[in-house]
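Line order of the protein sequences matches chains D and B.
Anchor point for the first sequence: position 6 equals 6 in UniProt numbering, and the numbering is continuous, going up by one each time.
Anchor point for the second sequence: position 53 equals 53 in UniProt numbering, and the numbering is continuous, going up by one each time.
Glycine included, each C-beta is placed from N, C-alpha and C at the ideal position.
Number of protein chains: 2
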Amino acid sequence: MVAPSELEHSMEKMLLTFHKFAGEKNYMNRDDLQKLLDSEFSEFLKNQNDPMTVDKIMKDLDDCRKGQVNFRSYCSLIAGLLIACNEYYVKHMKKR
Amino acid sequence: MVAPSELEHSMEKMLLTFHKFAGEKNYMNRDDLQKLLDSEFSEFLKNQNDPMTVDKIMKDLDDCRKGQVNFRSYCSLIAGLLIACNEYYVKHMKKR
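Quick look at the structure:
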C-alpha cells in the first residue's frame with residue numbers, strides 16, 4: 001500500500017473534521033456548525049461584523065430546512081470558501 | 001496573527017496543488033490533469049480498469065468545452081471524490 005499523497009491527506013483531514021463535529025448522527029446541527037466554525041475558522045468568524053453570520057451560513061447549507069448540515073453541504077461550504085480564497089490568491093499573491 | 005487550523009492548512013494545500021499543475025495560465029489542460037491525477041491520486045487511477053478514465057474526468061470537468069479545468073471544476077472533482085470516500089467511510093469505517 002502506497003502512502004497517501006499530501007492532497008489525499010488533506011482530503012482525509014476534511015472528512016474527519018466533519019465527523020468530529022457531526023458525531024454519530026452524521027450531520028451537523030446549528031451548534032455543531034458553530035463549534036466547527038469557532039474551532040477551524042476562528043479568524044474568518046472574527047472578521048465578520050455580522051452577528052448573524054453563523055445563522056446565515058446555516059440557512060445556506062441547510063438544504064432541506066431540517067436544521068441539518070449533511071456532508072454534501074459541508075463540501076459546498078468548503079468549496080465556497082476555497083473559491084473565495086482562490087480569487088484573492090490569484091489577484092494578490094500568485095507570482096505573475 | 002493566529003496559526004492556521006488543520007482544516008485551513010488542508011484547504012491551503014488544495015489550493016496550492018491546483019496552481020502547481022495549472023501554472024501561470026490558471027487552468028489545467030488535459031496534460032496537467034493527467035499529471036495531477038498521476039501524482040496525487042495514483043492508487044485511484046491504478047484501480048480504474050478503464051483506460052479512458054482521465055478523458056472521462058476531463059469531459060465531466062470541462063464545463064465550457066474548451067479543454068480547460070478551472071478552479072471551480074477542480075473543487076467539483078475534489079468534492080465528488082470526498083463524497084464517494086465519505087459514503088465508504090460511513091458504511092465501513094466509522095465506529096458505530
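Residue closest to residue i, alpha-carbon to alpha-carbon, out of the options
| i | options | result |
| --- | --- | --- |
| I83/B | P4/D, L16/D, S5/D | L16/D |
| E6/D | A79/B, E40/B, L61/B | E40/B |
| T53/B | K66/B, P4/B, Q34/B | Q34/B |
| V90/D | S73/B, P4/B, L61/B, K25/B | K25/B |
| D55/D | D31/D, S73/D, S76/D, G23/D | D31/D |
| N86/B | D62/D, F71/D, L61/D, P51/D | F71/D |
| D38/D | P4/B, Q68/B, K66/B, D38/B | P4/B |
| F18/D | S76/D, K66/D, H92/D, D63/D | S76/D |
| G80/D | L61/D, E8/D, R65/D, H9/D | L61/D |
| V69/B | P51/B, L36/B, M93/B | L36/B |
| K94/D | Y88/B, G67/B, G23/B | G23/B |
DSSP-derived helix/strand/coil call for residue i
| i | result |
| --- | --- |
| V69/D | strand |
| M11/B | helix |
| M58/B | helix |
| M93/B | helix |
8 Å contact criterion, which residue i and residue j should meet: CB distance rounded
| i | j | result |
| --- | --- | --- |
| M14/D | F21/D | Not confirmed; about 12 Å, so no contact. |
| S73/D | V2/B | Actually they do not touch by this definition, with Cβ atoms about 26 Å apart. |
| I78/D | M11/B | 7 Å |
Mind checking the segment 71 to 90 of chain B against chain D and listing, in chain order, the residues whose C-beta falls within less than 8 Å of any C-beta there?
Legend: CB atoms of the segment 71 to 90 of chain B lying less than 8 Å from CB atoms of chain D belong to residues F71, R72, C75, S76, I78, A79, L81, L82, I83, C85, N86, Y89, V90.
Using a Cβ-Cβ cut-off of less than 9 Å, list which residues of the segment 6 to 24 of chain B approach chain D; keep chain order.
When CB distances to chain D are screened at a threshold of 9 Å, the residues of the segment 6 to 24 of chain B falling below it are E6, L7, E8, H9, S10, M11, E12, K13, M14, L15, L16, T17, F18, H19, E24, in chain order.
How do the segment 35 to 50 of chain B and the segment 37 to 56 of chain D stand: do at least 3 beta-carbon pairs fall below 8 Å, yes or no?
In the pairwise beta carbon analysis, the segment 35 to 50 of chain B is classified as not touching the segment 37 to 56 of chain D: fewer than three pairs are separated by under 8 Å.
Of the residues that make up the segment 24 to 55 of chain B, which ones have a beta carbon closer than 8 Å to any beta carbon in chain D?
Cβ contacts with chain D: E24, N26, S39, E40, F41, S42, E43.
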